[in-house]
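Numbering (the working numbering), first residue to last: 2 to 675.
Every residue gets a Cβ at the ideal spot worked out from N, C-alpha and C, and that includes glycine.
Since the structure is predicted, the reported quantities are computational estimates derived from the model, not experimental observations.
To keep things clear, I will list the structure first and then write my remarks on it.
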């Protein structure tokens with residue numbers, strides 16, 4: 002017989018062609034062997050149908066060999082011949098293709114799978130990410146208002162009135178008020194102060210300042226307006242002054258220094274950037290320091306156990322990550338941070354400017370004998386440092402102190418371990434933390450010092466002394482070592498932003514003593530165009546004693562009423578509180594506001610006054626009312642009305658007349674009170 006594949010002669014009855022090694026299948030018609038593409042172990046389940054098809058195909062080839070172009074028996078019967086089919090390749094190709102797709106998909110997933118460290122870092126960054134809802138900004142626009150008022154001309158006013166004191170209402174109506182206007186274009190400003198009692202203005206002062214003049218009026222005491230000419234040289238005016246200049250010099254008052262102080266303060270207030278701009282400092286730190294990036298790179302993160310937390314009002318299963326920050330990386334982080342702030346030129350400049358202001362004011366009051374001067378034991382005055390030198394000396398002291406603290410930290414602090422839990426959408430739900438601090442007790446250190454002294458004074462040899470010191474240190478480490486464990490949890494419950502509702506705790510545990518627990522609970526709720534409320538409770542518990550400070554505030558957006566409260570608690574009893582209730586009379590978000598306080602009440606528990614706890618009740622100690630407002634300037638600063646009185650040009654006689662007038666008016670005011 003011939004092999005249907007290679008057309009070679011092979012033994013009859015062969016199941017496999019010995020030439021091409023193809024499998025041969027018995028023919029259903031004559032028992033001859035037909036070819037099969039598939040190996041024996043991979044035969045298809047459809048083999049009978051394939052065999053029939055193969056038999057038909059063989060018959061067709063036999064007919065072709067007998068008479069070229071003749072039709073097969075099936076074709077003659079009108080049935081088309083079944084084309085030759087290679088057996089078993091389809092399933093193999095399908096399986097291979099599926100495997101390739103699966104492997105490729107797995108590889109793609111692994112390549113695009115986010116690193117656990119990146120997940121943890123993004124979760125922490127998301128807590129304070131920009132773009133989150135800020136109710137205070139949406140309602141009031143504080144940031145925009147501050148920027149607008151700081152850079153432009155503004156005015157403000159405030160006032161307080163006494164309603165009752167220890168329940169006594171006779172003093173009702175006493176109070177004070179203040180108003181100020183500043184024109185940043187011209188540099189002019191004015192301020193009005195007033196004290197009221199019994200429904201009338203008891204005393205007041207009006208101050209005006211620009212580049213050319215300082216004017217002060219005391220309308221209840223005199224009709225004169227005291228003025229100082231700033232346009233001309235002050236030293237010359239003081240030297241030519243017939244009365245006040247000499248008296249000021251005798252008292253050590255440096256008028257020129259005071260004017261310099263006022264001018265410098267006014268220039269600073271007109272600066273485009275404020276002194277000690279903490280927000281700008283933070284931005285410089287984030288972009289200019291590598292401390293945070295180095296800390297991120299140093300942390301190790303591994304997948305941990307899953308846990309469920311309530312986030313945004315829904316129970317969610319969160320993925321856990323075990324994070325370790327080594328003590329060395331923490332020390333390096335604090336060192337890098339310290340170096341950045343101490344090297345920040347803007348911060349240095351702000352400190353120098355502040356010290357210059359202090360010096361100018363100090364010199365104006367104390368003259369040659371500066372309050373900053375250091376006097377030695379022999380009465381000799383030490384050399385006074387310039388503001389620049391003071392800043393450099395301060396920086397050196399701070400750097401040294403922080404280095405010492407970091408060294409102690411490095412010697413005592415262990416690794417910081419965290420268990421971080423992140424929701425499926427990348428939100429930080431919670432994290433647990435723990436660290437261990439170790440050190441040597443002060444008592445043991447004192448004992449070691451005493452032991453060292455006795456060894457040195459006992460006439461022992463140097464080797465014996467060293468051995469004694471080593472033994473003392475070893476014994477101290479074994480007996481005097483103290484371990485302080487810091488642990489706690491921070492949970493972010495969500496809300497209008499990631500920091501809206503947060504629970505946090507810190508537990509300090511030392512062997513042989515009761516743990517000290519500090520807790521923080523922040524709550525917040527914001528119903529757009531309806532209400533906004535915030536709450537914060539800081540608690541402290543130690544040896545069964547509990548204390549708490551609570552702060553709370555709420556604002557009704559519809560009727561513009563607000564309520565604020567701060568309270569102190571001890572073992573569940575409120576010991577004292579300060580409450581403010583009022584209404585926002587006017588509000589233009591991002592531009593201006595005026596808030597009226599109908600009641601500002603200070604309440605104390607009588608326990609603080611020595612009353613037994615079972616008899617003590619809350620007592621209203623003080624109640625006030627008032628208002629406060631700010632907004633863009635609507636009226637320019639104005640000079641006080643009255644007759645100008647040049648304080649340097651005035652003679653002694655003119656001064657005596659003014660003083661006598663003020664004395665009489667003061668007596669009249671005093672008699673009206675009583």
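Residues bridged to residue i (per DSSP)
i: residue 301; result: 325
i: residue 319; result: 308
i: residue 566; result: 553, 580
i: residue 508; result: 488, 518
i: residue 330; result: Looking at the DSSP assignment, residue 330 forms no beta bridge with any residue, so it has no partner.
i: residue 431; result: 422, 492
i: residue 169; result: 166
i: residue 436; result: 487
Straight-line gap, residue i to residue j (C-alpha atoms, nearest Å)
i: residue 568; j: residue 609; result: 14 Å
i: residue 252; j: residue 284; result: 47 Å
i: residue 484; j: residue 325; result: 20 Å
i: residue 122; j: residue 413; result: 27 Å
i: residue 475; j: residue 575; result: Bear in mind that the predicted position of residue 475 carries a pLDDT of just 39, short of 50, making it unreliable; the figure below should be weighed with that in mind. Answer to the nearest angstrom: the Cα atoms are 50 Å apart.
i: residue 154; j: residue 279; result: 23 Å
i: residue 428; j: residue 530; result: 27 Å
i: residue 469; j: residue 611; result: A caution first: residue 469 carries a pLDDT of 44, below 50, which makes its placement in the model too unreliable to give a value.
i: residue 259; j: residue 334; result: 44 Å
i: residue 541; j: residue 289; result: 37 Å
i: residue 594; j: residue 133; result: 24 Å
i: residue 603; j: residue 254; result: 41 Å
i: residue 343; j: residue 358; result: 21 Å
i: residue 510; j: residue 286; result: 34 Å
i: residue 157; j: residue 137; result: 20 Å
i: residue 130; j: residue 585; result: 30 Å
i: residue 419; j: residue 631; result: 46 Å
i: residue 291; j: residue 300; result: 14 Å
i: residue 523; j: residue 204; result: 45 Å
i: residue 486; j: residue 261; result: 54 Å
i: residue 173; j: residue 338; result: 53 Å
i: residue 23; j: residue 304; result: 54 Å
i: residue 654; j: residue 207; result: 25 Å
i: residue 228; j: residue 668; result: 25 Å
i: residue 534; j: residue 500; result: 13 Å
Exposed unless 16 or more other CB atoms sit within 10 angstroms - verdict on residue i
i: residue 277; result: exposed
i: residue 502; result: buried
i: residue 295; result: exposed
i: residue 601; result: buried
i: residue 223; result: buried
i: residue 314; result: exposed
i: residue 641; result: buried
i: residue 496; result: buried
i: residue 596; result: buried
i: residue 1; result: As shown, the chain starts at 2 and ends at 675. That puts residue 1 outside it, with no answer to give.
i: residue 168; result: exposed
i: residue 402; result: exposed
i: residue 528; result: exposed
i: residue 124; result: buried
i: residue 660; result: exposed
i: residue 404; result: exposed
Beta-carbon proximity of residue i to residue j, cut-off 8 Å
i: residue 210; j: residue 263; result: yes
i: residue 490; j: residue 515; result: no
i: residue 434; j: residue 488; result: yes
i: residue 555; j: residue 564; result: yes
i: residue 128; j: residue 493; result: yes
i: residue 521; j: residue 163; result: no
i: residue 656; j: residue 244; result: yes
i: residue 225; j: residue 646; result: yes
i: residue 543; j: residue 581; result: no
i: residue 195; j: residue 177; result: yes
i: residue 553; j: residue 536; result: yes
i: residue 318; j: residue 309; result: yes
i: residue 407; j: residue 336; result: yes
i: residue 230; j: residue 238; result: yes
i: residue 221; j: residue 191; result: no
Heavy atom of the ligand SAM within 7 Å of residue i beta-carbon
i: residue 352; result: You won't find the ligand SAM in this model; it holds no ligand whatsoever.
Chain D within 8 Å of residue i, Cβ atoms only
i: residue 251; result: Protein chain content of the structure displayed is limited to a single chain, and chain D is not contained in it.
Return the chain-ordered ranges of every beta strand (DSSP E) run that is complete within the stretch 174-214 and spans a minimum of 3 residues. 176-183, 190-198, 201-210
Counting only runs of 3+ residues fully inside the stretch 587-662, write out the beta strand (DSSP E) ranges in chain order. 593-606, 619-633, 644-647
Can you list, in chain order, the stretches of the beta strand (DSSP E) that have 3 or more residues and sit fully within the stretch 400-426? 417-423
What alpha helix (DSSP H) runs, 4 residues minimum, are completely inside the stretch 274-299? 279-289, 292-299
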